[in-house]
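Colleague: Sharing a structure with you now.
Chains as they are written, first to last, in this note's numbering: chain R, 25 to 172; chain D, 15 to 666.
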């Protein structure tokens, strides 16, 4: 091989190896703190890990929202309207679009008592928007509504 | 009838964009002067017809023509007039029309200023931009026609504009951002024209440089406006979320920043030319990727437009053609640009190489973090993950800190090679002074606990000090007047330092509390006391509001803040309107959460020191980019080429 071409090849190989190593390290870091999404049946069914940062979501069950009398603590139930639900505890201000019956996402950890301790509560951004994570639930619920 | 006129004029613009591409590229290829002239005329034609199309849509909004589906979905008769106009780009279809208008405005600007360019280069640039515009316009007409009617039964009133968008931010943020995004198509077109013509000398770099600077300045302002808007409008005081759509605008910015630095080397020294070409292709491709991310509905985001798979597919195809086509051309032709230019390890070339390396690695980090969740979902068959800000910060922040260290030295190195000793003499006391002042600042703030803030203060001062020392030296030398491009650079670098200080100090010193407040209750954070005086009813043009009354004591100052909780009449949606006392040294921020039992309210009270500096820095950066363009050598270039006879015998 031409020495100039060989040195160019070495450079390319070096850069590619370096880049691959960097990407591998970054993805490892991402996998350490990525937040997997769990729908209600997997949370209620014990498939979601306890004490690990995850995301979950569902519809807010009507009549389940309880505000504490003297703090910002709030508790509510998220359901998939197909028999699975779980309780969520949160302390803070709920988003404007948080309403009973609406689809929301929560980020936090599942406690040993089965209550999801939320660090963040996210509601959909407008009336027609549905988080893609909740799309299967919404379609399932709508399908059931039609069938029943 | 009038909406159909708009539709027709966009169709005419589409035809002209096709004609312009054929005449421009074909004319340059066969050397037909008349065809090349026709490409210029076709450019102005596209501008005129797209502008007419947009005016028609504006007219439909202002006259409440709800028989037009896009107007019916995004406006309402009660909407204040300035939001009726800006609602034109409040959703996908109209914003795409604005995008094509800005595209044709850039094309018109190139045609207007292009008298200075060789004729075939101008024709090729306009031809390439015409092709891109053809892509955008056919996307608009095939998948996203804003002039579609709701006939025979138009609604009596519109569904209203999303309340989040009923704001000054919508009026300025998208036009600025798009001007930046689309502006990179000029650098892209110059790169493709250079590759096609095989003329990739330093004149090529000098032609694309001003366009790149201006596009970059607009993108900088656009991103800063978006950040400022999110800060005051989304209701919880964050200014950057590493949201996929923010990332979509940030990636071309990072690539564009690398581009305008490497263009400097390409122009002055003829080095890095292949790399510069690649960056020019990359910056615009990333703009298109951004458009794909926003408009295809593949990602969850505040900005995501309605989901429509055909649109996503179209942009993906367009992206593949643009990226694939330009990279193929690059692979075939770029070797012509390669040049052996030697420079020492301690030279301005080397420092700009470091700059490019850091910026492109930072861009790759953002790209990876944005696309990884998508890839993960596709590979695992639907498992959804999100990558949060901690991951981005962990990789991005060290890169930017390294860039800040280098920024204090790089601009003062000479081309080819520098003596280290002389530079050390000149910069040593800046090094000492910035460390000393930062230590003092750290001592004053909380006694050395905030080392992150102290480090950022040291780096910010380091940049300011070295630039000031160098500027003073240059002014004193008086051998020649200091060129405007130097002041532009200094201003932009100062802006970077100001933003860095703002980001670090806001991050470290902010007080953010969500509290429950009863009427008459007070809360104190630092020097600031908030007293809640209850909530009253208020009304706006198209909403009813509950207005919180807060009396603030900030040291000696007494102010009142009135955040609102609004319910919009047409859509019934609820919006939080924060009240902010903006200041150079700190912002005081109050927003209403929700009503609780016994007349109590959940309330957010924030004190955010130096938050304005983040955007002030961006303004300085953009200003620097524009000042550099005003440099004499770009004007000289135009005059010289405009009169070819005068150019004979002049040194290049």
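Heads up, the beta-carbon is just placed ideally off N, CA and C, and yes, glycines get one too.
Just how far apart, CA to CA, sit residue 174(D) and residue 591(D)?
Modeller: In the second chain, residue 174(D) corresponds to position 160, counting from 1. In the second chain, residue 591(D) corresponds to position 577, counting from 1. Rounded to the nearest angstrom, the two C-alpha atoms are 18 angstroms apart.
Colleague: CA-CA distance, residue 520(D) and residue 152(D)?
Modeller: For the purposes of this step, residue 520(D) is taken as residue 506 along the second chain, with counting starting at 1. For the purposes of this step, residue 152(D) is taken as residue 138 along the second chain, with counting starting at 1. So the alpha carbons of these two residues sit roughly 45 angstroms apart.
Colleague: Determine the direct distance from the alpha carbon of residue 423(D) to that of residue 440(D), and round the result to whole angstroms.
Modeller: By one-based count along the second chain, residue 440(D) stands at place 426. By one-based count along the second chain, residue 423(D) stands at place 409. Using only the alpha carbons, I get a separation of about 10 angstroms.
Colleague: With 8 angstroms as the limit, tell me which residues of the stretch 587 to 610 of chain D have their beta carbon closer than that to any beta carbon of chain R; keep them in chain order.
Modeller: Cβ contacts with chain R: 587, 588, 589, 590, 607, 608, 610.
Colleague: Once the 5 residues before and after residue 286(D) are set aside, which same chain residues still bring their CB inside 6 angstroms of it?
Modeller: Counting from one through the second chain, the residue named residue 286(D) turns up at place 272. Closer than 6 angstroms at Cβ, skipping near neighbours: 276, 279, 280.
Colleague: Considering only residues of the same chain and omitting the five flanking positions on each side of residue 629(D), which have a CB-CB separation below 6 angstroms?
Modeller: Residue 629(D) sits at position 615 when you count from the first residue of the second chain. Taken in chain order, the residues that qualify are 238, 242.
Colleague: Cβ of residue 69(R) less than 8 angstroms from any chain D Cβ?
Modeller: Taking the first residue of the first chain as 1, we reach residue 69(R) at position 45. No, its Cβ sits nowhere closer than 8 angstroms to a Cβ of chain D.
Colleague: I'd like to know whether the C-beta of residue 95(R) is nearer than 8 angstroms to at least one C-beta of chain D.
Modeller: Here residue 95(R) corresponds to residue number 71 of the first chain, with the count starting at 1. Taking Cβ atoms only, chain D reaches closer than 8 angstroms to residue 95(R), which makes this a yes.
Colleague: So, do the stretch 603 to 617 of chain D and the stretch 473 to 483 of chain D have three or more beta carbon pairs nearer to each other than 8 angstroms?
Modeller: Touching, no, given that fewer than three Cβ pairs across the two stretches are closer than 8 angstroms.
Colleague: For my contact list, residue 684(D) and residue 621(D) are in at a C-beta cut-off of 8 angstroms; report their separation, rounded to the angstrom.
Modeller: This structure leaves residue 684(D) out entirely; chain D is present only between 15 and 666.
Colleague: Give a yes or no on whether 8 angstroms exceeds the smallest Cβ distance from residue 128(R) to chain D.
Modeller: Locating residue 128(R) in the first chain gives position 104, where the first residue counts as 1. False, the Cβ-Cβ gap to chain D never drops below 8 angstroms.
Colleague: Whole angstroms are fine: how far does the CA of residue 404(D) sit from the CA of residue 466(D)?
Modeller: For the purposes of this step, residue 466(D) is taken as residue 452 along the second chain, with counting starting at 1. For the purposes of this step, residue 404(D) is taken as residue 390 along the second chain, with counting starting at 1. Cα to Cα, the separation comes out at about 15 angstroms.
Colleague: For a cutoff of 8 angstroms on Cβ pairs, would you count residue 409(D) as touching chain R?
Modeller: Within the second chain, numbered from 1, the residue matching residue 409(D) stands at position 395. Cβ-Cβ to chain R under 8 angstroms: yes for residue 409(D).
Colleague: Determine, for residue 51(R), whether the minimum Cβ-Cβ distance to residues of chain D falls below 8 angstroms.
Modeller: Position 27 of the first chain, counted from the start, is the residue given in the question as residue 51(R). Chain D, which has a Cβ nearer than 8 angstroms to the Cβ of residue 51(R), makes this yes.
Colleague: What are the boundary residues of the beta strand (DSSP E) that includes residue 131(R)?
Modeller: One-based indexing of the first chain puts residue 131(R) at position 107. Run containing residue 131(R): 127 to 134, per the beta strand (DSSP E) assignment.
Colleague: Give a yes or no on whether the C-beta atoms belonging to residue 204(D) and residue 216(D) are separated by under 8 angstroms.
Modeller: Within the second chain, numbered from 1, the residue matching residue 204(D) stands at position 190. Within the second chain, numbered from 1, the residue matching residue 216(D) stands at position 202. It is not a contact, given that the beta carbons lie outside the stated cut-off.
Colleague: Using 8 angstroms for Cβ pairs, my map puts residue 577(D) next to residue 605(D). What's the rounded Cβ distance?
Modeller: Here residue 577(D) refers to the residue found at position 563 when the second chain is read from its first residue. Here residue 605(D) refers to the residue found at position 591 when the second chain is read from its first residue. So it is a contact: roughly 5 angstroms between Cβ atoms.
Colleague: Do residue 263(D) and residue 191(D) count as a contact pair if the criterion is CB distance below 8 angstroms?
Modeller: If you number the second chain from 1, residue 191(D) lands on position 177. If you number the second chain from 1, residue 263(D) lands on position 249. In this structure, residue 263(D) lies closer than 8 angstroms to residue 191(D) by Cβ.
Colleague: Where do the ends of the beta strand (DSSP E) carrying residue 114(R) lie?
Modeller: As a working mapping, residue 114(R) is identified with position 90 in the first chain. 109 to 115 is the span of the beta strand (DSSP E), which, as asked, contains residue 114(R).
Colleague: For the stretch 284 to 299 of chain D against the stretch 329 to 348 of chain D, are there 3 or more C-beta pairs whose distance is under 8 angstroms?
Modeller: These segments touch.
Colleague: Between the stretch 375 to 385 of chain D and the stretch 321 to 339 of chain D, are three or more C-beta pairs nearer than 8 angstroms?
Modeller: Too few Cβ pairs lie closer than 8 angstroms, so no.
Colleague: Measure the alpha-carbon distance for residue 206(D) versus residue 141(D) and round it to whole angstroms.
Modeller: Your numbering for residue 206(D) matches position 192 in the second chain. Your numbering for residue 141(D) matches position 127 in the second chain. Near 10 angstroms, if we compare the C-alpha coordinates of residue 141(D) and residue 206(D).
Colleague: Is residue 50(D) buried or exposed, if buried means 16 or more other CB atoms sit within 10 Å of its CB?
Modeller: Residue numbering aside, residue 50(D) sits at position 36 when the second chain is read from its first letter. Answer is buried; the Cβ neighbour count reaches 16.
Colleague: Can you give me the start and stop residues for the alpha helix (DSSP H) that residue 548(D) sits inside?
Modeller: Indexing the second chain from 1 puts residue 548(D) at position 534. Counting along the chain, residue 548(D) falls outside any alpha helix (DSSP H), though it belongs to the beta strand (DSSP E) covering 542 to 553.
Colleague: If we count the other Cβ atoms within 10 Å of its Cβ and call it buried at 16 or more, is residue 126(D) buried or exposed?
Modeller: Position 112 of the second chain, counted from the start, is the residue given in the question as residue 126(D). Exposed, since its Cβ has fewer than 16 Cβ neighbours within 10 Å.
Colleague: What is the rounded straight-line gap between the Cα of residue 82(D) and the Cα of residue 163(D)?
Modeller: Position 68 of the second chain, counted from the first residue, corresponds to residue 82(D). Position 149 of the second chain, counted from the first residue, corresponds to residue 163(D). Each residue's alpha carbon lies about 4 angstroms from the other.
Colleague: Hey, residue 172(D) and residue 54(D): beta-carbon distance below 8 angstroms or not?
Modeller: The sequence position of residue 172(D) within the second chain is 158, counting from 1. The sequence position of residue 54(D) within the second chain is 40, counting from 1. Going by C-beta atoms, residue 172(D) is not nearer than 8 angstroms to residue 54(D).
Colleague: Looking at C-alpha atoms only, which residue of 438(D), 46(D), 468(D), 442(D) is the closest neighbour of residue 451(D)?
Modeller: Locating residue 451(D) in the second chain gives position 437, where the first residue counts as 1. Checked all of 438(D), 46(D), 468(D), 442(D); the closest Cα to residue 451(D) is 468(D).
Colleague: Going by the beta-carbon positions, is the gap between residue 80(R) and residue 102(R) smaller than 8 angstroms?
Modeller: By 1-based counting over the first chain, the position of residue 80(R) is 56. By 1-based counting over the first chain, the position of residue 102(R) is 78. Contact: yes.
Colleague: Residues of the stretch 30 to 54 of chain R with a CB closer than 9 angstroms to any CB of chain D: list them in chain order, please.
Modeller: Here the close residues are 43, 46, 47, 50, 51, 53, 54.
Colleague: DSSP puts residue 578(D) in a beta bridge; with which residues?
Modeller: What you label residue 578(D) is simply residue 564 of the second chain in a count that begins at 1. Its beta-bridge partners are 561(D), 591(D).
Colleague: Would you say residue 150(R) lies against chain D (beta-carbon separation less than 8 angstroms)?
Modeller: Taking the first chain and counting its residues from 1, one reaches residue 150(R) at position 126. With a pLDDT of 45 at residue 150(R), under the threshold of 50, the modelled position of this residue cannot be trusted; read the value that follows with caution. True, the Cβ-Cβ gap to chain D drops below 8 angstroms.
Colleague: So with CB distances below 8 angstroms, who are the chain R contacts of residue 379(D)?
Modeller: Sequence index remark: in the second chain, residue 379(D) carries index 365 (1-based). Those are 50, listed as they occur along chain R.
Colleague: Measuring CB to CB, does residue 269(D) end up less than 8 angstroms from residue 297(D)?
Modeller: Locating residue 269(D) in the second chain gives position 255, where the first residue counts as 1. Locating residue 297(D) in the second chain gives position 283, where the first residue counts as 1. Yes. Within cutoff.
Colleague: Pick out whichever of 412(D), 595(D), 579(D) has its Cα sitting closest to the Cα of residue 571(D).
Modeller: Along the second chain, read from residue 1 onward, the residue named residue 571(D) stands at position 557. Closest by alpha carbon: 595(D).
Colleague: Kindly indicate which three-state DSSP category residue 320(D) falls into: helix, strand or coil?
Modeller: Residue 320(D) sits at position 306 when you count from the first residue of the second chain. Its pLDDT being 47, under 50, residue 320(D) is placed unreliably by the model, and the measurement read from it follows with that caveat. DSSP places residue 320(D) in coil when its eight states are reduced to three.
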